Amino acid sequence: MKIVFATGNKGKLREASEILGEGYELVTPADFGITEDIPETGNTLKANSLQKAQYLYEKCGCDCFADDTGLEVDALGGAPGVYTARYAGEGKDFNANMDKVLYELDVVASEANMAAGMGLHVKKVSRRARFKSVITLMIDGKPHFFEGTLEGVIAHEKSGNGGFGYDPVFIADEYPGQTLADISEEQKNEISHRGKALRAMAKWLSVNSPQ
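Residue numbers (my numbering): 1178 to 1388.
In structure tokens:
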């Protein structure tokens, strides 16, 4: 079965191919001559994922799927959320995005300390956070949704040379004391939010879609 994956990221394509396994041929939008940026203007991860999948289906006319992923930090009210990739502004890289998250957490902690110093009762600022991935699979034009979550905390500083995105500041519950950039790619793939969503999609396909 051939499915188009709305990505140009070789790492994501490899991960999806390994999880889906034999019987599935993954191709990219570029294989159909689609090289423009796929729009994602929704205000939720699910909305963005659906928008990208529908756009791709309308363009190529075949079964496809798209994902959208966001980092949610409790102390920042769920931010960056849908703005995860561009949190520091358009054209900024993930180093800038990470710096902004770390800075804003420091500000929240400082404000809490000041309030405590004034005799006010305040809770300790939590650094709890999670990555969420939502996949929209379009089969015969009908959307199906799959989600995956990775729980953890935001580190106080960057660490590690692996991974990408916010990995150097995210400590998963499964690997305390190490950021996602500190652990191996194999370890990360076993627990990753996207991996969980992909495995849920693979399980659904194994039951509901002919090979």
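Cβ atoms here follow ideal geometry from the backbone N, Cα and C, with glycine treated the same way.
Given the structure is predicted, the values throughout are model-derived calculations rather than measurements.
- For residue 1267, the secondary structure class from DSSP, reduced to helix, strand or coil, is coil.
- Of the candidates 1316, 1365, 1315 and 1320, 1365 places its Cα closest to the Cα of residue 1337.
- Looking from the CA of residue 1265, the closest CA among 1258, 1259, 1347 and 1274 belongs to 1274.
- The continuous alpha helix (DSSP H) containing residue 1371 extends over residues 1370 to 1385.
- With distances taken between CA atoms, residue 1328 lies nearest to 1249 out of 1249, 1201 and 1237.
- In the structure shown, residue 1261 falls within a helical segment according to DSSP collapsed to helix, strand and coil.
- Taking C-beta separations shorter than 6 Å and ignoring five residues to either side along the sequence, the partners of residue 1194 in its chain run 1203, following chain order.
- Assignment of residue 1245 by DSSP, reduced to helix, strand and coil, places it in the strand class.
- Taking a cut-off of 8 Å on C-beta distances, the segment 1285 to 1295 does not touch the segment 1346 to 1361, as fewer than three cross pairs fall below it.
- Per DSSP, residue 1191 lies in no beta strand (DSSP E); the unbroken alpha helix (DSSP H) holding it starts and ends at 1187 to 1197.
- Taking all protein chains in view, the Cβ of residue 1298 is surrounded by fewer than 16 other Cβ atoms within 10 Å, so the residue is classified as exposed.
- Each of 1192, 1184, 1188 and 1223 was checked against the Cα of residue 1207, and the nearest Cα belongs to 1184.
- Taking residue 1324 as the centre and dropping the five residues before and after it, the same chain places the C-beta of 1311 and 1374 closer than 6 Å to its C-beta, in chain order.
- Assignment of residue 1310 by DSSP, reduced to helix, strand and coil, places it in the strand class.
- In the structure shown, residue 1302 adopts coil according to DSSP, grouped into three states.
- The residues 1310, in chain order, have a CB closer than 6 Å to that of residue 1246 in the same chain once the five nearest residues on each side in sequence are set aside.
- Pairing residue 1257 with residue 1285 gives a Cβ-Cβ distance that is not under 8 Å.
- Counting the other CB atoms within 10 Å of its CB gives residue 1216 a total below 16, which places it among the exposed residues.
- Annotated as distal: residue 1346 and residue 1305, with beta-carbon spacing of 8 Å or more.
- Taking C-beta atoms as the reference points, residue 1313 and residue 1320 count as a pair closer than 8 Å.
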